[in-house]
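Undergrad: My structure is below; once you've seen it, I'll send some questions.
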Amino acid sequence: MTKYTKLVSLIAFGVLTLSGYTFYQQTTQAEKLSVELVSEEGEPDALDNLYFVGQVINMSANFNRGQTFEYSEGNITFIDNLPFLERVDYHFTRNMNRYTDDYRSFMRGKSRQPSNFAETEEHLVYTGMKSDVNWRVFNDNNLTISVLDKETTEEQDYEVVLNGGSNQSVTSTYVNYPSLTVVTQVLDDNILNNWFIYEFNLEEPQEELEPAVNFGSEFNTEHISFASNEDKTARFIPFRTMNVASTDEYGHADLIPGDYYAYDTQSGEIKAAPETDEDDENEYIVLSEENTLLIGRDLGDSIEWSRWDFDEESLSDIGASEMDTPTIGRGRVHYYDSLFNQGLQLIDGHLYAFEEGYSDDVSRSMNDDDYQNLDDVYHERMSRPQFQVIDMDTIDTVFSGYFTHGQEDESSNINLTLFDYGYSKFSN
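Heads up: the sequence shown begins at 464 in the numbering used here, then just goes up one per residue.
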């Protein structure tokens with residue numbers, strides 16, 4: 464009888480918990496907010512490669528718990544509308560959800576950091592340090608490599624010692640099967656040699672790896688910034704050195720861009736970008752996809768583009784793209800890493816530019832005492848994430864638009880913001 468009493472009590476507890484959760488949702492969501500994509504030019508399907516997680520919140524409401532939503536393959540889904548078990552198992556990075564759904568067995572025991580995964584048409588590759596799944600070995604230098612064949616579901620696993628140093632973290636991995644190029648960073652500001660590239664051959668695995676590139680000794684600086692790149696099959700890895708412009712009383716360095724380079728994953732060569740001048744007041748943009756390298760000179764309202772022939776070490780002009788705003792695609796998106804080009808991605812020959820929001824009144828408002836206007840500008844910037852898509856063959860804009868909330872009440876103070884976004888050639 465006792466066991467039945469325990470069973471009934473357990474079921475009753477579960478019912479009460481779910482009922483309480485449902486009541487909480489109902490009382491903290493006095494209104495259902497909505498999100499819509501507004502196209503100013505072109506068709507919305509130009510954003511089918513885009514995915515992101517965002518939040519819309521009415522700051523004027525008594526209960527201002529934000530409502531989280533996901534944009535994927537052209538569809539907007541509010542997380543609260545998902546089945547309960549999906550909400551419980553939801554990860555705020557779309558690819559992690561997709562990997563868990565499609566390759567659940569492969570994902571067991573692995574970190575859920577996006578930087579630990581690289582995907583191609585045929586394979587899903589995981590590269591992570593032991594410290595990524597066990598905090599007790601934070602200074603360990605053992606790399607775990609797992610490769611899944613999507614068609615056969617066969618998995619290969621490797622354990623490798625990285626001899627560049629301890630306390631390393633994988634920042635990205637590029638796949639040119641059977642070769643892997645792994646970029647790591649030592650998480651210690653006191654170490655000069657803190658960026659490394661390792662090369663690993665899946666058909667000729669080694670138990671230990673020496674760095675193919677030690678950036679600290681190669682460039683005599685710990686200030687290295689890599690280009691953000693969603694294409695993990697790209698041949699080239701762009702990066703740049705950063706120069707110290709000034710240092711404050713607390714030792715914090717103000718960094719400015721130095722020279723631009725690219726690493727060739729096929730030959731192992733590093734070459735400097737031609738005709739880029741660190742004294743130029745305009746910053747440069749370096750993008751890569753497959754065998755393509757593009758260099759852009761940022762002029763604000765436009766970007767002048769050139770194609771970089773890595774082997775010939777030359778540039779050829781391909782035209783200038785008109786940008787929707789003077790800053791779209793060129794601001795920081797993630798504030799806790801050292802990537803550049805965070806708001807720009809080259810996918811299938813198209814440039815995707817993102818900006819959290821823009822207003823012509825920002826510079827004026829920051830320099831006057833009109834705090835109400837400043838608040839209005841902040842609200843506008845937080846409520847219109849913008850995207851622009853440019854065909855890099857013709858340098859024409861094929862899509863321009865923004866996401867906004869669908870509320871018509873102008874008195875409502877509604878914020879719309881994104882906190883995870885990316886692009887993918889692969890879908891469920």
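Heads up, the beta-carbon is just placed ideally off N, CA and C, and yes, glycines get one too.
The structure presented is a predicted model; accordingly, all values stated were derived computationally and were not measured.
Taking its Cβ as the centre, do 16 or more other Cβ atoms sit within 10 Å of MET522, making it buried, or is it exposed?
TA: Taking the sequence shown and counting its residues from 1, one reaches residue 522 at position 59. MET522 should be labelled exposed.
Undergrad: Here's the rule: buried if 16 or more other CB atoms are within 10 angstroms of the residue's CB, otherwise exposed. What is ASN597?
TA: For the purposes of this step, residue 597 is identified with residue 134 of the sequence shown, where counting begins at 1. Classification of ASN597: exposed, given that the 10 Å Cβ count is below 16.
Undergrad: The alpha helix (DSSP H) that contains MET570, what's its start and end?
TA: For the purposes of this step, residue 570 is identified with residue 107 of the sequence shown, where counting begins at 1. Residues 567-570.
Undergrad: Are the C-beta of GLY763 and some C-beta of chain C separated by less than 8 Å?
TA: Of the chains in the structure shown, none is chain C; there is only one protein chain.
Undergrad: Thinking C-beta only, is LEU881 closer than 8 Å to PHE515?
TA: As a first step, residue 515 is located in the sequence shown; it is residue number 52 there, counting from the start. As a first step, residue 881 is located in the sequence shown; it is residue number 418 there, counting from the start. Yes. Within cutoff.
Undergrad: Short check: CB of GLU504 to CB of PHE862, under 8 Å?
TA: Position 41 of the sequence shown holds residue 504. Position 399 of the sequence shown holds residue 862. In contact: GLU504 and PHE862 (Cβ atoms closer than 8 Å).
Undergrad: Pop quiz: THR867 and SER846 are said to be a contact at Cβ under 8 Å. What is the actual Cβ separation, rounded to whole angstroms?
TA: Here residue 867 refers to the residue found at position 404 when the sequence shown is read from its first residue. Here residue 846 refers to the residue found at position 383 when the sequence shown is read from its first residue. So it is a contact: roughly 6 Å between Cβ atoms.
Undergrad: Under the three-state reduction of DSSP, which class applies to LYS893: helix, strand or coil?
TA: Here the chain has residues from 464 to 891 only, and residue 893 is not among them.
Undergrad: Taking Cβ positions, are ASN647 and PHE689 nearer each other than 8 Å?
TA: Taking the first residue of the sequence shown as position 1, residue 647 is located at position 184. Taking the first residue of the sequence shown as position 1, residue 689 is located at position 226. As written in the sequence, residue 647 is Thr, which differs from the Asn given in the question. Cβ atoms of THR647 and PHE689: not closer than 8 Å.
Undergrad: In the DSSP assignment, find the unbroken alpha helix (DSSP H) run with PHE678 in it and report its ends.
TA: The residue you call residue 678 lines up with position 215 of the sequence shown. Counting along the chain, the alpha helix (DSSP H) containing PHE678 begins and ends at 678-682.
Undergrad: Since VAL676 contacts PHE663 with CB under 8 Å, what's their CB separation in whole angstroms?
TA: Here residue 676 refers to the residue found at position 213 of the sequence shown. Here residue 663 refers to the residue found at position 200 of the sequence shown. 14 Å between Cβ atoms; not a contact.
Undergrad: Would you identify the three-state DSSP class for THR636, choosing helix, strand or coil?
TA: Numbered from 1 along the sequence shown, position 173 holds the residue referred to as residue 636. THR636 carries a strand assignment under DSSP once its states are collapsed to helix, strand and coil.
Undergrad: Just verifying my parser: in three-state terms, what is the DSSP assignment at LEU473?
TA: Working through the sequence shown from its first residue, we reach residue 473 at position 10. Here LEU473 sits in helix by DSSP.
Undergrad: Give the straight-line distance between the Cα atoms of THR479 and SER472, rounded to the nearest whole angstrom.
TA: In the sequence shown, residue 479 corresponds to position 16, counting from 1. In the sequence shown, residue 472 corresponds to position 9, counting from 1. The displayed chain sequence assigns Leu, not Thr, to residue 479. The straight-line gap from Cα to Cα measures roughly 10 Å.
Undergrad: Within the same chain, show all residues whose beta-carbon is closer than 7 Å to that of PHE476, passing over the 5 residues directly before and after it, in chain order.
TA: As a first step, residue 476 must be located in the sequence shown, where it is residue number 13. Nothing listed; no residue qualifies.
Undergrad: What does a CB cutoff of less than 6 Å around TYR884 pick up in its chain, not counting 5 residues either side in sequence?
TA: Within the sequence shown, numbered from 1, the residue matching residue 884 stands at position 421. Counting only Cβ-Cβ distances below 6 Å, and skipping sequence neighbours, we find PHE515.
Undergrad: By Cβ distance below 6 Å, which residues in the same chain neighbour ASP552 in space, the five residues on each side in sequence not counted?
TA: For the purposes of this step, residue 552 is taken as residue 89 along the sequence shown, with counting starting at 1. Closer than 6 Å at the Cβ level, and outside the excluded window around ASP552, lies no residue.
Undergrad: Is ILE542 helix, strand or coil when you go by DSSP?
TA: Locating residue 542 in the sequence shown gives position 79, counting from the first residue. If DSSP states are grouped into helix, strand and coil, ILE542 belongs with the helices.
Undergrad: Here's a check: name, in chain order, each residue in its chain whose Cβ is nearer than 8 Å to the Cβ of PHE852, leaving out the five neighbours to either side.
TA: In the sequence shown, counting from the first residue as 1, residue 852 sits at position 389. Per the sequence shown, the amino acid found at residue 852 is Val instead of Phe. If we look at VAL852 and ignore the five residues flanking it on each side, its Cβ neighbours are GLY505, ALA509, LEU510, HIS813, LEU814, TYR815, ALA816, THR860, VAL861, PHE862 and SER863.
Undergrad: Can you pull the DSSP bridge partners for PRO701?
TA: For the purposes of this step, residue 701 is identified with residue 238 of the sequence shown, where counting begins at 1. Looking at the DSSP assignment, PRO701 forms a beta bridge with ALA725.
Undergrad: In terms of residue numbering, what span does the alpha helix (DSSP H) encompassing PHE547 cover?
TA: Looking up residue 547 in the sequence shown gives position 84. PHE547 -> alpha helix (DSSP H) spans 547-551.
Undergrad: State the DSSP-derived secondary structure class of SER801, mapped to helix, strand or coil.
TA: Working through the sequence shown from its first residue, we reach residue 801 at position 338. SER801: coil per DSSP, three-state reduction.
Undergrad: Can you tell me where the beta strand (DSSP E) with ASP761 in it begins and where it stops?
TA: On the sequence shown, position 298 is the one that residue 761 refers to. Residues 755-761.
Undergrad: Which of helix, strand or coil does DSSP assign to SER846?
TA: Working through the sequence shown from its first residue, we reach residue 846 at position 383. SER846 falls in the coil class under three-state DSSP.
Undergrad: Expressed to the nearest angstrom, what Euclidean distance is found between the alpha-carbon atoms of THR696 and VAL638?
TA: The residue you call residue 696 lines up with position 233 of the sequence shown. The residue you call residue 638 lines up with position 175 of the sequence shown. The alpha-carbon atoms of THR696 and VAL638 are separated by roughly 5 Å.
Undergrad: Between which residues of its own chain and LYS734 is the CB-CB distance below 7 Å, once the five residues before and five after are set aside?
TA: As a first step, residue 734 must be located in the sequence shown, where it is residue number 271. These residues qualify, in order along the chain: TYR724, ALA725, PHE773 and GLU776.
Undergrad: Looking at the strands, I want to know which residues DSSP matches up with GLU671.
TA: Here the question's residue 671 lines up with position 208 in the sequence shown. DSSP output for GLU671 lists VAL624 as bridge partner(s).
Undergrad: What is the DSSP secondary structure of ASP764, reduced to helix, strand or coil?
TA: The sequence position of residue 764 within the sequence shown is 301, counting from 1. Residue state, collapsed to three classes: coil.
Undergrad: THR590: beta carbon under 7 Å from a heavy atom of the ligand FAD?
TA: Annotation note on the ligand FAD: not contained in the displayed structure, which lists no ligands.
Undergrad: Under 8 Å: do the region 530-548 and the region 562-582 share three or more Cβ pairs, one atom per stretch?
TA: Short answer: they don't touch.
Undergrad: Pick helix, strand or coil for THR911, following the three-state DSSP scheme.
TA: Here the chain comprises residues numbered 464 to 891, so residue 911 is not present and cannot be evaluated.
Undergrad: By Cβ distance, which residues of its chain are closer than 8 Å to TYR640, with the 5 residues on each side in sequence left out?
TA: Residue numbering aside, residue 640 sits at position 177 when the sequence shown is read from its first letter. Here the set comprises THR583, GLU585, HIS586 and LEU665.
Undergrad: Straight-line CA distance for TYR707 to GLU685?
TA: Stepping through the sequence shown from its first residue, residue 707 is reached at position 244. Stepping through the sequence shown from its first residue, residue 685 is reached at position 222. Looking at the sequence itself, residue 707 is Val, so the reference to Tyr does not match. In a straight line, the C-alpha of VAL707 is about 11 Å away from that of GLU685.
Undergrad: Taking all protein chains shown into account, decide if LEU762 is buried (16 or more other Cβ within 10 angstroms of its Cβ) or exposed.
TA: Looking up residue 762 in the sequence shown gives position 299. When all chains shown are included, LEU762 counts as exposed.
Undergrad: In chain order, what residues of the same chain lie with their CB nearer than 8 Å to the CB of MET786, ignoring the 5 residues before and after it?
TA: As a working mapping, residue 786 is identified with position 323 in the sequence shown. So the list reads GLY763, ASP764, SER765, ILE766, GLY792, ALA816 and GLN851, once near-sequence residues are dropped.
Undergrad: In whole angstroms, what separates the C-alpha of GLN518 from that of ASN579?
TA: As a position in the sequence shown, residue 518 is number 55, starting the count at 1. As a position in the sequence shown, residue 579 is number 116, starting the count at 1. A straight line joining the alpha-carbon of GLN518 with that of ASN579 spans about 25 Å.
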